[in-house]
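So the protein sequences, as listed, match chains A and B.
According to our numbering, the first sequence is numbered sequentially starting from 91.
According to our numbering, the second sequence is numbered sequentially starting from 434.
Built from N, CA and C at the ideal position, the CB exists for glycine as well.
One structure is given below, encoded as structure tokens.
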Amino acid sequence: MKLSVAALNSYYGPAHILFDVALDVDAGEVVALLGRNGAGKSTTFRSIVGLVARREGRILFEGRDVSKEPTHAIVRGGLGYVPEERRIFTDLTVEENLEVGRQPARSGAPLWSKDKLFTLFPNLAEMRNRPGGRMSGGEQQMLTIARTLMGNPSLVLLDEPSEGLSPKIVEQMAHAILTMKQEGLSILVSEQNLHFARLISDRTYIIERGRICYSGTMAELETRPDIRDAHLAV
Amino acid sequence: MSFYVVQFLTGLASAASLFLVASGLSIIFGVTRIVNFAHGAFYMLGAYLAFSLTERLSGTLGFWGGIVGAALIVALIGVVVEMVLLRRIYRSPELFQLLATFGLTLMVEDLVVLIWGPDDLLGRRAPGLRGAVDFFGQAVPTYDILLIVLGPVVLGALWLLFRRTRWGVLVRAATQDRDMVAALGVNQKWLFTSVFALGVFLAALGGALQIPRDAVNHTMDLRIIVDVFVVVVIGGLGSITGAFVAAVLVSELNAFGILIFPKISIILVFLVMAIVLIVRPWGLFGKPEAAARQTPGLSVRPWQPLSFNERLACVGALIVAAALPLLGSNYALIVGAEIAIFVIFAASLHFLMSVGGLASFGHAAYFGLGTYGVAFLAKFLGFPMIACLLLGPVLGLLGAMLFGWFAVQLSGVYFAMLTLAFAQIVWSIAFQWVEVTGGDNGILGVWPAAFVATPARFYWLALFVTAVSVTLLRVLVFSPFGYALRATRDSGLRSEAIGLNSKRIQWTAFVIAGTFAGISGALFAYLKGSVFPDNAGIALSVDSLVMVLLGGVETVSGAVIGAIVYKALSIWLVSYTDLSKLVLGGFIVLIVVAFPKGIVGTFGSLVDNGRLPFFKRALPGASQAEGAE
């Protein structure tokens, strides 16, 4: 098991947000966390990497409990995180943004170089010296993923990578994610876009109001339109 | 003509040190968001240590080794300060770090006197650079030439450091979004410590390089810190290039101001700063600051009006206070009156800072205007005391109307700096306009009328005015205007969206706060019987900040408690020990670390956590559950 989360409860101030969330990601697997806006997808991710002030539960990453570790230590351990809001360093160039994410090679995880990432995201190759603030939304999304990959993670949390992107870019993104999978990366991806999730993921969890309410393979979900309509349809 | 060229070169040489110190402050602020008030103290320590080291080491190598060694030692001290003190308070309310670094400054001021004595020390001249270069018949010290060259060299080195090294890239990234940097696996603790060390090193180097030019003394920290604030704000916080350009500008203004506008030489720099901020609110090279991250914990504890029992308790406390003349000596009554006056002053700043979210660094301006308002009316127009007390604060009101209109166009640190500049303008006018204000000699003989001429009666008057003022300000907090003001504090955009004119509301709050500061100043003038420029000085502005922060900036009643504790403590310390600053500074640092919510805030938390069940509901919002971290 790459990542195993159990009995995860999170709080924003007095508000209880996640209730006993449990999910697993196997090595080399792409797992989709589906749910509507505000269901708790981002909070789940932020809790796993320790960006939520108060969280309880067990978070096993490669067999090690990381639930008490600070964010940077979790990430250094090989758990990469791509935030939903992208959070590109706007004053830094593309290359400098990548530099911030750079970490030493890690055994058992795919090794990424700047050149390799420029092959994965060809758009970025043409703007190495452009400040992050002067890029389109799609380019920023690619940069934020590439930046996390520079840390040579063995598992990546991708928070809504298709959000706000044009259909053409979404297709490129799906292609990139599948390439990342082929490289041996495990991926937990949150999505609202079922079509996109279908393209890339093996298994899925559905989260609603902070609770996991369904889990199964992507193929199984296809056969359950009732589940889809109850928890995902707009 | 050559005289002006030489004057220009002298200005450039002065700019070098100013740039070093300012760039250090700018770098530290960029990453840690701490306005490091102790930066001047590190500058001063650098100078003192360099003095001692260069005295002991001989030769050219010894001299320069001493300079650099002093800066390195101070940088190490900075590392210790960062790890032991600042690390504990990065998550504390905004400006709380300012309080901690202010406490440090106080401690250092006494420590250097303890170690090096109170007298000016004249440092060694740089070996081989003792002479002067002849420049069109005017002599320019060789050492100045070196400093002129050094400024751009350091600028270039810093540029390379931030553009060409991984460390520099990380620092620039953290300046924009430090949480994201952590989420990419960078240990922020290490980054913060190294940034702080670099900033302190630059400050100390700036100080060390001054010893061949200027005497070393224990007041050089406050002198430089004001100039540095001005430089950083004109240049734009976080911009090294901006710090350089502004350092040159400020130094040249100082060099030529005295020649061209001797009458207003002191305020010239502050006038320029005010103009820059009004035209370019983020400084010449700065960028608009991203919306300040909401301070965690702010408005978690909802403010509530006092309950009936709490009102009774307040009346009881007031009666006890009013009984002081029955027990206390005349000295105690004078001290009591002074404390009461400072309660008004602190409460007025609290109204602006906690209720309005506008932290002024120059609140003493309106206190000072209140004192001069009274002095003018009493001495020039011969008004009776009652009329003076009522009309004197109007000068504070008018000042707040004028300055406040400009200040509320800005927010956050820039607001703080602009208010500081305005306060310096007031101070400078009081200091330089000798014909009217008497300059440094002040205006003497402002005595209270016969009916309050005894200490007991004056104490009662002060207590009465304080009770009325604090009550009025509190009523305002829970009035519709107070709600609107708090709305603009919590979210400017949303309050605009529901139809609140936030600038107008903030301006009004500024004027209210300035008026009450003027009232406290008016009383103060009669308490002391005289009026001096320092009534509008930086020290007093800082005092008021400390009082509010000490009491608890997130509470409604913190300012009152903070003022009583701080004022009583400082008066007591001054009379009992020669090291009052050391003790007071240590006390402030201790409070900051042990009680990051201030006295009242900490007390409220204890009540919330059930550790003081007796006081349940004794404080506003005490029954509310403790909220987000």
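Helix, strand or coil for A474/B, going by three-state DSSP, please let me know.
helix
DSSP beta-bridge partners of G170/A:
V246/A
Closer than 8 Å by C-beta to L248/A: which residues in its own chain qualify, once you throw out the five before and the five after it? Chain order, please.
V172, I235, I267, I277, L278, V279 and S280
What does DSSP give as the partner residues of R299/A in its beta bridges?
Its beta-bridge partners do not exist; DSSP assigns none.
Whose Cβ in chain B lies nearer than 8 Å to the Cβ of P349/A?
The structure shown has nothing for residue 349/A, since chain A only spans 91 to 324.
Quick one, which of N99/A, G228/A and R136/A has its alpha-carbon nearest H162/A's?
R136/A
DSSP bridge partner residues for T948/B (one or two, in chain order):
According to DSSP, which records beta bridges pairwise, T948/B is partnered with nothing at all.
Separation of R466/B from T728/B, as counted between CA atoms
Any reading at T728/B is ruled out, since the residue's pLDDT is 43, under 50, leaving its predicted position unreliable.
Count the other C-beta atoms from every protein chain shown that fall within 10 angstroms of the C-beta of M434/B, then say buried if there are 16 or more, exposed otherwise.
exposed
Between the beta-carbon of S1013/B and the beta-carbon of V1022/B, is there less than 8 Å?
no
Relative to the C-alpha of Q262/A, which residue among M217/A, L245/A and G228/A is closest?
G228/A
From what residue to what residue does the alpha helix (DSSP H) around R145/A run?
No alpha helix (DSSP H) contains R145/A, which is instead part of the beta strand (DSSP E) from R144 to F151.
Is G479/B closer than 8 Å to A503/B when the C-beta atoms are compared?
yes
Using the three-state DSSP reduction, which class does F452/B fall into: helix, strand or coil?
helix
According to the neighbour-count rule (16 or more other Cβ atoms, all chains shown, within 10 Å of its Cβ), is K258/A buried or exposed?
exposed
I'd like to confirm the pairing. Which residues does DSSP put opposite P221/A in its beta bridges?
T183/A
Which class does F911/B belong to by DSSP, given the choice of helix, strand or coil?
coil
Could you check how far apart the C-beta atoms of A648/B and G444/B are, in whole angstroms? I think they sit under 8 Å.
At roughly 19 Å, the Cβ-Cβ gap does not stay under 8 Å, so A648/B and G444/B are not in contact.
Tell whether a beta-carbon distance below 8 Å holds between G803/B and A955/B.
yes
I need the straight-line Cα distance from E298/A to R288/A, nearest angstrom please.
19 Å
Report the three-state DSSP secondary structure of Q939/B (helix, strand or coil).
helix
Check the C-beta distance from G832/B over to G1019/B and give it rounded, since I have them as a contact under 8 Å.
With 8 Å as the limit, G832/B and G1019/B do not qualify as a contact, their Cβ atoms being about 35 Å apart.
Could you check the C-alpha separation between A779/B and A773/B for me, to the nearest Å?
10 Å
At which residue ranges does the stretch 550 to 627 of chain B contain complete beta strand (DSSP E) runs of 3 or more residues, listed in the order of the chain?
565 to 568 and 571 to 574
On the DSSP letters alone, give me the boundaries of the beta strand (DSSP E) that E281/A sits inside.
S276 to E281
Please classify T652/B: does DSSP put it in a helix, a strand, or coil?
coil
Classify S935/B: buried if its beta carbon has 16 or more other beta carbons within 10 angstroms, exposed otherwise.
buried
V602/B touches chain A at which residues, Cβ-Cβ below 7 Å?
L182, E186, E189 and V190
Quick check: the Cα distance between A756/B and F897/B, rounded to an integer number of angstroms?
13 Å
Can you give the Cα-Cα distance for S732/B and V869/B, rounded to whole angstroms?
Bear in mind that a pLDDT of 47 at S732/B, under 50, signals an unreliable position, so the number given afterwards is only what the model happens to contain. Whole-angstrom Cα-Cα distance: 46 Å.
Within the stretch 835 to 892 of chain B, note down every full alpha helix (DSSP H) run reaching 4 residues or more, in order along the chain.
845 to 865 and 867 to 870
Using a cut-off of 9 Å between C-beta atoms, extract the partners of H162/A located in chain B.
V614, A615, A616, L617, G618, V619, N620, Q621 and K622
contact_flag[the stretch 503 to 520 of chain B, the stretch 992 to 1011 of chain B] where n(CB pairs < 8 Å) is 3 or more
no
Three or more C-beta pairs closer than 8 Å, one from the stretch 569 to 581 of chain B and one from the stretch 304 to 316 of chain A: is that the case here?
no
Tell whether a beta-carbon distance below 8 Å holds between G147/A and S157/A.
yes
Quick check: the Cα distance between G789/B and F943/B, rounded to an integer number of angstroms?
9 Å
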